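Below is one structure, written out as structure tokens; the observations come after it.
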Amino acid sequence: MGESGADNVQSITTLNCLELRTHPQRGRGVFTREPIPRGTLVNVSPTLIFGADEYNKHGKFTQLDHYTYCWSSGSFALALGLGSMFNHESAGHQNVGFVRDIQNSLIKYSTLRDIAAGEELCICYGESVWFDVVTDSNNKHKSIGTEQRPKEAKESDDEDFLRSFDL
């Protein structure tokens, strides 16, 4: 072991201003009590990895299926902590992006724009979601659903932006 007592220590970050609240249509989600500037690392979630065989035989038949992220080699990852609580917002409307740290089994979430106090933090699950997408009275695109399943594995502008930070 190294001098610090461990060879591989990972910092698990969550901003103190984040809290779980219930949205009237989306269910539980992550909200902020304070403004958060663009480019802020808001959460680092450890993951529980399911191999492809285990996931296909068991995991996809449970509620966990709605909370998993595509991982490497056909495996899936369950984000622990707040990582499984971010609700969906359609591409281009989300205010938080995420990067999978495959090597360390972590998912890192950062803001894509300034976020106001009281606002919900949402990620994009990808183009194919399993629940209805509706438009609210302000004609802003809203996606209704409480289940989480970010599956998009392709590179995106958000991930390029997030890579510009030392996450």
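Just so we're aligned: the sequence shown equals residues 19 to 185 in our numbering. Heads up, the beta-carbon is just placed ideally off N, CA and C, and yes, glycines get one too. In this text the structure is predicted, and so the values were computed from the model without any measurement.
*Please determine, among SER63, LEU36, GLN43 and VAL117, the residue with the shortest C-alpha to C-alpha distance to PHE49.*
Closest option to PHE49, Cα to Cα, is LEU36.
_Range of the contiguous alpha helix (DSSP H) that encloses LYS78_ = From DSSP, LYS78 is part of no alpha helix (DSSP H); its letter is neither H nor E.
_3-residue-minimum beta strand (DSSP E) runs that sit fully inside the region 33-106, ordered along the chain_ = Complete beta strand (DSSP E) runs here, min 3: 36-41, 45-50, 59-68, 86-88 and 94-97.
*Could you give the DSSP three-state label for GLU138: helix, strand or coil?*
Looking at GLU138 - three-state DSSP - the assignment turns out to be strand.
*Starting from the Cα of THR58, find the closest Cα among LYS75, LEU38, SER29 and ASN113 and give me that residue.*
Among LYS75, LEU38, SER29 and ASN113, the Cα nearest to that of THR58 belongs to ASN113.
_As assigned by DSSP and simplified to three states, the class of VAL27_ = Note: VAL27 maps to coil in three-state DSSP.
*Local conformation of GLY110 per DSSP, three classes*: GLY110: coil per DSSP, three-state reduction.
*Going by DSSP, what residues sit across from ILE125 in a beta bridge?*
According to DSSP, which records beta bridges pairwise, ILE125 is partnered with SER63 and ARG118.
*Can you grab the Cα-Cα spacing for the pair ARG118 / TYR85, in whole Å?*
Taken atom to atom, the span from the alpha-carbon of ARG118 to that of TYR85 is near 15 Å.
*CA-CA distance, LEU98 and SER123?*
So the two alpha carbons sit approximately 11 Å from each other.
_GLY144 beta carbon less than 8 Å from that of ASN105_ = Cβ distance not < 8 Å, so ASN105 and GLY144 don't count as in contact.
*Could you tell me if the beta carbon of ILE67 falls within a distance shorter than 7 Å of some heavy atom in the ligand NAD?*
Absence of the ligand NAD from the depicted structure is noted, as is the absence of any ligand whatsoever, leaving it without description.
_Proximity of THR65 and ILE125 at Cβ, strictly below 8 Å_ = Going by beta carbons, THR65 and ILE125 fall inside the 8 Å limit.
*So is ILE30 buried or exposed if we call it buried at 16+ other beta carbons inside 10 Å?*
Result: exposed.
*Rounded to a whole number of angstroms, what is the C-alpha to C-alpha distance between THR32 and GLY69?*
As the crow flies, the alpha-carbon of THR32 is around 27 Å from that of GLY69.
*Using the Cα positions of SER91 and GLY45, report the straight-line distance between them to the nearest angstrom.*
Distance between the alpha carbons of SER91 and GLY45: 32 Å.
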